[in-house]
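Take a look at the structure below.
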Amino acid sequence: MESVQNVDKVCHDCKKNIEVEGEAISNGVYLEYQNGDAKISVYKCNDCYAKSPALTNYQPCEVYSRVVGYIRPVQQWHKGKKQEYGERSEFKVAPGDCGC
163 MESVQNVDKV
173 CHDCKKNIEV
183 EGEAISNGVY
193 LEYQNGDAKI
203 SVYKCNDCYA
213 KSPALTNYQP
223 CEVYSRVVGY
233 IRPVQQWHKG
243 KKQEYGERSE
253 FKVAPGDCGC
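Every position in the sequence shown, counted from 1, becomes a number in my numbering once 162 is added.
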């Protein structure tokens, strides 16, 4: 089931009022982003859209990883574990090389 978040007629970045009459927008643009099953709808004024068309002030993603047998948010790790996590490299097995 899809849901659409309620849209205020103000610029997402600078909070300037956006003038909308029917489907016509005189001083901005309407943007729609997908977030899982939900659609996030926002307006941006022409100035902010010209600077950056991307959605910039969004909720940061919380990353989890395994440490010493249990899963914890990386943000809560101490300095040494964060450095170790940053130095990890991804190991990829080519198809057919796994011995299956």
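A virtual CB, placed ideally from N, CA and C, is assigned to each residue, including glycine.
Being a predicted model, the structure only gives us computed values, none of them experimental.
Member of the options whose CA lies at the smallest distance from the CA of residue i
{"i": "CYS210", "options": "SER251, LYS177, GLU185, GLU249", "result": "LYS177"}
{"i": "SER203", "options": "PHE253, ALA256, LYS171", "result": "LYS171"}
{"i": "CYS223", "options": "VAL230, LYS213, SER214, PRO235", "result": "PRO235"}
{"i": "LEU193", "options": "GLU246, LEU217, GLY184, GLU181", "result": "LEU217"}
{"i": "PRO215", "options": "ALA200, ILE187, CYS173, GLY261", "result": "CYS173"}
{"i": "ASN189", "options": "GLU183, TYR195, ASP175, CYS207", "result": "CYS207"}
{"i": "ASP175", "options": "GLY184, LYS201, VAL191", "result": "VAL191"}
{"i": "LYS243", "options": "GLU185, LYS213, SER227", "result": "SER227"}
Burial state of residue i, where buried means 16 or more other Cβ atoms lie within 10 Å
{"i": "TYR205", "result": "buried"}
{"i": "ILE289", "result": "In this structure the chain extends from 163 to 262, so residue 289 is not present and cannot be described."}
{"i": "ALA256", "result": "exposed"}
Residue i and residue j closer than 8 Å at C-beta
{"i": "TYR247", "j": "TRP239", "result": "yes"}
C-beta neighbour in chain D for residue i, strict 8 Å
{"i": "LYS241", "result": "The structure shown has no chain D; it contains just one protein chain."}
(Q) Threshold first: 3 residues or longer. Then list the beta strand (DSSP E) segments lying entirely within the segment 212-245, N to C. (A) Listed in chain order, the complete beta strand (DSSP E) runs (minimum 3 residues) inside the segment 212-245 are 226-229, 232-235.
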